[in-house]
Amino acid sequence: MAKTMDIEDNNKDEFIHTKTIFRRHSKGPVMFNGCSPSGDVILIDNISPKKSYDLTGWRIERQTNSQKFLRYTFTDKFIIPPLTTIELWSSIATPMSPPNEMEPNQSSEEHEQQQTFVTIKTKLLTWNTARQWSINKLFDCHGREKAIFSHRTLTPLAYEKEE
Numbered sequence: 001m002a003k004t005m006d007i008e009d010n011n012k013d014e015f016i017h018t019k020t021i022f023r024r025h026s027k028g029p030v031m032f033n034g035c036s037p038s039g040d041v042i043l044i045d046n047i048s049p050k051k052s053y054d055l056t057g058w059r060i061e062r063q064t065n066s067q068k069f070l071r072y073t074f075t076d077k078f079i080i081p082p083l084t085t086i087e088l089w090s091s092i093a094t095p096m097s098p099p100n101e102m103e104p105n106q107s108s109e110e111h112e113q114q115q116t117f118v119t120i121k122t123k124l125l126t127w128n129t130a131r132q133w134s135i136n137k138l139f140d141c142h143g144r145e146k147a148i149f150s151h152r153t154l155t156p157l158a159y160e161k162e163e
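Residue 163 is where the sequence shown ends in the UniProt record's numbering, and the numbering goes up by one at each step.
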């Protein structure tokens, strides 16, 4: 015989489920890999297997729902080598880079073709928190837009309308 019991829920806090949409677009092999909604880090990739890029004078412009505008400019011969991800951390964040280790059953040639990670602490206190949305743009030294990365967090009502 099965017993059933009514369990009183004393926890009055309810969870709110959200959906976050990330979008990225680039014109070339230098692009955003990610932008932390918490404002900790922005990731820039060079996916070219052979070519380095001089990012001197390039800039990142970031807008969020909490702060309207932030600009970061790369200075003094900032070179991004082939197959490299640059992690640009805010000065108060704690960098956490993935190890660049060889996988089991991986040849040394395959390992050499893997993405390398470079961690940089910027002088920016934060990249600005983006609880609801962010738009991040990368411009070259001539002011041409090279990449966009955006995110939008939808509440249940908003994403039910989109589906």
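All residues carry an ideal CB built from backbone N, CA and C; glycine is no exception.
- Per DSSP, the unbroken beta strand (DSSP E) holding Thr119 starts and ends at 116-121.
- Residue burial annotation: Asp40 is buried, with at least 16 other C-beta atoms found within 10 angstroms of its C-beta.
- For Ala147, the enclosing beta strand (DSSP E) begins and ends at 145-154.
- For Lys137, the secondary structure class from DSSP, reduced to helix, strand or coil, is strand.
- DSSP lists Leu154 as the beta-bridge partner residues of Lys19.
- Of the residues Gly57, Arg59, Ile80, Arg23, the one whose Cα lies closest to the Cα of Lys50 is Ile80.
- Here Phe32 is buried, its C-beta having at least 16 other C-beta atoms within 10 Å.
- Residue environment for Val118: exposed (fewer than 16 other C-beta atoms within 10 angstroms of its C-beta).
- Residue Lys146 holds the alpha-carbon nearest to the alpha-carbon of Lys137 among Trp89, Lys146, Gln115.
- A straight-line Cα-Cα distance of about 30 Å links Gln115 and Gln132.
- Apart from sequence neighbours up to five positions away, the residues of its chain that approach Thr84 with a beta-carbon distance below 8 Å are Asp45, Asn46, Gln115, Thr116, Phe117, Val118, ordered along the chain.
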